[in-house]
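To keep things clear, I will list the structure first and then write my remarks on it.
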Amino acid sequence: MIKRFNQIMQCFILLILINPAIADVVVIVHPQNPINSLTREQIADLFLDRSKSFPDGKLSVPINLVDEDSSRQIFVKKVLKRKTTQLRAYWADLIFTGKGKPPKKVDFPEDMLDLVSNNPSIIGYLDLEDIDDSVKIVYRIKN
Amino acid sequence: MKRWLITCALLLNSLIISSGAYSESTEELERRIEKIEKELEKSKKKSRVYYDRLSGKIDKVSDSIKLNAFATAGLTKSDSKVPDYNGIDNNAWITQTDSVLGVQMGFQVNEKTKITTQFVSKGGDEAHNTRTEWAYITYTHNQHVKARAGRMRIPYYMLSESLEVGYSYNWVRPPVEVYNLTSNNGELFDVILSKSYSRLNLNLQLFTGRYADTQQAPIGTLVFESENVLGSILYGNYGNFSGRLAYIGLDFTSTISNPGVQSLDTLTKSLGVGALQPNEDYAYFSNVGLKFDNGKLQIMGEYYQFDIDDTLLNVYRGWYLMGGYRLGSWTPYLSFSSLSTHNNDSRETAIAALNNIPGPVARSIIFAEGVPPDLAALPDEQINEQARQIFVAQIATPSALTLRRSFNVEQETLSLGVRWDISPGLALKLQADQVSGFEGGNGLFTTGADANGVPNELSDDSINILSLVIDVAF
C-alpha cells in the first residue's frame, strides 16, 4: 500500500516537474511612455474603448493579439473579465453606433514587440518570455 | 590461387577507383546543393520582401475599408383576439416582424476623416417594411473633439443607433413601450466633445437637424416632420456603469391618414381645445438611461417622456428595466416595460367641449348646407337644439370613443427570455411576452374600425406573444 502511494506521489512530482510552466502575461508600453504602472480597470477601459487616453491624457492605441493566442486568452479572461462571445456583442453595439471600435490585431508576438517598442502611444501585452528591454512593463497578470 | 588473388586485387582496385569517383561526385553534389541552397535563400528573401510589401498593401486596404453586417431571422405568434400587433399575427407563425438585414461600410478617407454608410432592410408586410439608409462623414479632430454630418437616425434613446442590431442586446426586440419613436431619415450635424476625469469618461453630443418619417400607428398612417431639431446628450461611463441624459427640442408637424381624425382635428382646433395634427408645434423629448454590465450581471433601464404643446395626440411617458445574468453561454433575462399617455385630461376636456357644443355652432356644422324644410318653420332656438342633439349623437359620441380608445394608451409588458450564445457572432433567443394593463384603451394594438371609423374595442385583458430569433453579426 505504501509502495503504491509512493508510486503515485512519484508520478505526481514528475507531473509537476515536466509540466511546462506558463509564464505570466505582461502589459507593455514604450519605454519613453511616462506611465509606469496601470491598474487592471484602467487597462480594461483602454482595451474596451471606454477610454481613449492614458491617465496623463495622452492618446492611447491598444493592440490585440489574435483570438487563438494563449496570452490573449489569459488577457481577456483576467483583465477584461469577459468571454469572447460577450466581447463580440459588446463590439457589435459600439461598431454599429459609431461609438467605438475594437483594437487592431497582430498575428505574432514579434509584431506586437515591434509595434510597442516603436510607438509611445501603443499599449499591448505579451507572454513575459517574449519581451526584451525595448518595452516597459506596466502591469503583470499573475498566472 | 594466384588467379583468385589477381581477381581480388583487381576487384579491390576497381573498388578503390570507383569509390574515388564516388567521393568526387559527392563533393560536387555538395557544392551543387550549397549553390541551390544559396539561391533558395535569395529567392526566399526576395519573396519575403515581396510578401511583406503585398501584405502591407493588403493591410492598408483592409484598414481603410471596414465592412460589417448583421442579420436577424425570427418567428413570432400572439394569442390575441386582435389580428395585428406590430405586424405580429394571432393565428400563424410569422417570420417578418423581427427579420432584419443590415450592412455597414466604413471608409477611412484619411487619418481624420471617415465615411460611414449603413443600409438596413426590415422585413414585414408592406405596412411594416422599413428601409433605412444612412450615410455620414465623421471628422475626428483629436480624441476630445469629433463632428459628424449626414443622414442618420435621431438618437432619441440609448439604443437608437443599434436598434436593428439584435445581436448587441438581450431581448428579441427592445421594449416597444419605450422604443416607439423612430426617425429613420434624419439629416443631422453633430459635435461630440469627450473628456476623461480619472476613470470617468464623459461625452457631450450637441446636434441640430431635421427629419421626416412615416409610421404605422393603430389609428392610421402617421407622417412626422420636423424642420428644426435641436438636441443635447450627455453620456459617459465609469468602469462597468454607463449612463445617458438626453434633451431634444423640435418643431413638430404630423398628419394622420384617417379621414375621421382629420375632420375631428379641424373641429377641435376651431373649438380651441387642441390639435390632433400639430403644425409646427413645439415638442420636447427627454430621456435618461442607465446600464451596468460586469460581464456576469447586466442591468439596464430607461425612462423617457415626450410632450407636444397644445395637442390632443398621445404624448407618452415610458420606461423599462431589464436584468440578465450570464451562465456560461446562456443568459436568462427578465424585463418589465410600461407606457402611458399623460395628457388624457386634455382629451377629456375636448370631449366635454364637444358634448357641450353651443347650439349655433352645432347648427353651422350639422346644417351647413341649409336647415331641412321640415325644421325650417321652427324657432331658431329649437333648430339649434335639434342640431346640438344630432351633433352629440353623430359626432361627439363616436369622437369620444376614438379619443379614448386610440389616444389614451396604457400598456405594460412583462418579458421572460433566454439568449444562447452559440458561437462568437451567432446567438439564438427565445422570449415570452405578456402584454396587459390597457385600462380601457387599445394599447399599441391595431383593432380595426367600425363603419363610422371608430376603433373597435380591444377585447383582450392580457395578450401573450412568443418569439424565437437567430441573430448574427460579422
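Read top to bottom, the protein sequences are chains A and B. For the first sequence, our numbering assigns the number 1 to the initial residue and increments by one for each residue that follows. For the second sequence, our numbering assigns the number 144 to the initial residue and increments by one for each residue that follows. All C-beta atoms in this analysis are idealised placements derived from N, C-alpha and C, irrespective of residue type, glycine included.
### Query
Smallest Cα separation from A:Asp69: which of A:Gly57, A:Val29, A:Ser121 and A:Thr84?
That would be A:Thr84, whose Cα lies nearest to the Cα of A:Asp69.
### Task
Would you kindly work out how many angstroms separate the C-alpha atoms of A:Phe47 and A:Gly100, rounded to a whole number?
The alpha-carbon atoms of A:Phe47 and A:Gly100 are separated by roughly 11 Å.
### Task
Using a Cβ-Cβ cut-off of 7 Å, state whether A:Phe229 counts as contacting chain B.
Since the first and last residues shown for chain A are 1 and 143, residue 229 of chain A lies out of range.
### Span separating the alpha-carbon of B:Asn437 from that of B:Tyr340
Approximately 21 Å, taken between the alpha carbons.
#### Entry: Residues in the region 291-325 of chain B having any Cβ partner in chain A nearer than 7 Å
Within the region 291-325 of chain B, those residues whose Cβ lies closer than 7 Å to any Cβ of chain A are, in chain order, Glu304, Ser305, Val308, Tyr310 and Ser311.
### Query
Would you report the Cα separation of B:Glu307 and B:Ala216, rounded to the nearest angstrom?
For B:Glu307 and B:Ala216, the distance between alpha carbons rounds to 12 Å.
### Task
Alpha carbon to alpha carbon, how far is B:Tyr459 from B:Ser549? Give it in angstroms, no decimals.
Going by the C-alpha atoms only, they are around 13 Å apart.
### Query
What are the residues that DSSP puts in a beta bridge with A:Met112?
A:Met112 is not bridged to any residue.
#### Entry: Buried/exposed call for A:Gly57, threshold 16 Cβ in 10 Å
Exposed.
### Query
Terminal residues of the continuous beta strand (DSSP E) containing B:Lys209?
Ile208 to Ser221 is the extent of the beta strand (DSSP E) around B:Lys209.
#### Entry: Minimum Cβ-Cβ distance from B:Leu609 to chain A less than 7 Å
It does not; no Cβ of chain A falls within 7 Å.
### Message
If you reduce the DSSP assignment to three classes, tell me which class A:Pro102 lands in.
### Response
In the structure shown, A:Pro102 falls within a coil segment according to DSSP collapsed to helix, strand and coil.
### Task
Report the option in A:Arg72, A:Ala92 and A:Tyr90 whose CA atom is closest to the CA atom of A:Val106.
Closest option to A:Val106, judged by alpha-carbon separation, among A:Arg72, A:Ala92 and A:Tyr90: A:Arg72.
#### Entry: Contacts that A:Ile95 makes with chain B (C-beta to C-beta distance below 7 Å)
Within 7 Å Cβ-Cβ: Asn211.
### Task
From the DSSP output, read off the bridge partner residues of B:Val514.
Answer by DSSP bridge pairing: none, since B:Val514 is not bridged.
### Task
Tell whether a beta-carbon distance below 7 Å holds between B:Gly392 and B:Asn346.
Contact: no.
### Query
How close, in whole Å, do the beta carbons of B:Ser223 and B:Ile606 come, if the pair is a contact with beta carbons under 8 Å?
Their Cβ separation, rounded to whole angstroms, is 4 Å, which keeps B:Ser223 and B:Ile606 in contact under 8 Å.
### Query
Are the region 313-325 of chain B and the region 408-419 of chain B touching, with three or more C-beta to C-beta distances below 8 Å?
No, the region 313-325 of chain B is not in contact with the region 408-419 of chain B.
### Query
With 16 as the cutoff for other CB atoms within 10 Å, does B:Leu601 come out buried or exposed?
By the 10 Å Cβ count, B:Leu601 comes out buried.
### Message
Considering only DSSP beta bridges, list what B:Trp473 is partnered with.
### Response
Under DSSP, B:Trp473 takes part in a beta bridge, and its partners are B:Leu470 and B:Trp563.
### Message
Whole angstroms are fine: how far does the CA of B:Glu254 sit from the CA of A:Asn119?
### Response
Near 16 Å, if we compare the C-alpha coordinates of B:Glu254 and A:Asn119.
### Query
Does B:Ser339 come within less than 7 Å of chain A when only Cβ atoms are used?
Yes, B:Ser339 lies at the interface with chain A (some Cβ there is under 7 Å from its Cβ).
### Task
Taking only beta-carbon positions, decide if B:Ser161 is within less than 7 Å of chain A.
Note that B:Ser161 scores 49 on pLDDT, short of 50, meaning its location in the model is unreliable; the coordinates nonetheless yield the value given after this. Taking Cβ atoms only, chain A never reaches closer than 7 Å to B:Ser161, which makes this a no.
### Task
Flag A:Ala89 as yes if its beta-carbon sits less than 7 Å from any beta-carbon of chain B, otherwise no.
Between A:Ala89 and chain B, the shortest Cβ-Cβ separation is below 7 Å.
### Message
I'd like the list of long-range same chain contacts for B:Gly309, defined as Cβ closer than 6 Å, with 5 residues on each side in sequence excluded.
### Response
Taken in chain order, the residues that qualify are Thr215 and Asp614.
### Query
Quick one, which of B:Arg342, B:Ala360, B:Ser305 and B:Arg294 has its alpha-carbon nearest B:Asn328's?
Here the closest residue by C-alpha is B:Arg294.
### Task
Check the Cβ of B:Gly444 against every Cβ in chain A and list those closer than 9 Å, keeping chain order.
Those within 9 Å of B:Gly444 in chain A number zero; the least Cβ separation is about 16 Å.
### Task
Could you say which of B:Arg342, B:Asn344, B:Leu365 and B:Val334 lies nearest to B:Gly352 if we only look at CA atoms?
Of the candidates B:Arg342, B:Asn344, B:Leu365 and B:Val334, the one whose C-alpha sits nearest the C-alpha of B:Gly352 is B:Val334.
### Query
Does A:Arg40 get closer than 7 Å to chain B when you measure Cβ to Cβ?
Chain B contact via Cβ: absent.
#### Entry: Below-7 Å beta-carbon distance, B:Gln441 vs any chain A residue
Chain A, which has no Cβ nearer than 7 Å to the Cβ of B:Gln441, makes this no.
#### Entry: A:Gln32 in three-state terms, based on DSSP
In the three-state reduction of the DSSP assignment, A:Gln32 falls in the coil class.
### Task
Return the residues of the region 554-570 of chain B that lie within a Cβ-Cβ distance of less than 8 Å from chain A, sorted by chain order.
Legend: CB atoms of the region 554-570 of chain B lying less than 8 Å from CB atoms of chain A belong to residues Asp564, Ser566, Pro567, Gly568 and Ala570.
### Message
Under DSSP, the beta strand (DSSP E) around B:Gln441 begins and ends at which residues?
### Response
Unbroken beta strand (DSSP E) run through B:Gln441: Leu440 to Ile451.
### Task
With DSSP as the reference, please indicate the residues paired to B:Ala570 in a beta bridge.
According to DSSP, B:Ala570 bridges with B:Asp564 and B:Asp614.
### Message
Suppose contacts are defined by Cβ-Cβ distances below 7 Å. Is B:Ile451 in contact with B:Asp488 by that definition?
### Response
It is not a contact, given that the beta carbons lie outside the stated cut-off.
### Contact list for B:Asn430 against chain A, beta-carbon separation under 8 Å
The CB of B:Asn430 never comes closer than 8 Å to any CB in chain A; the least such distance is about 15 Å.
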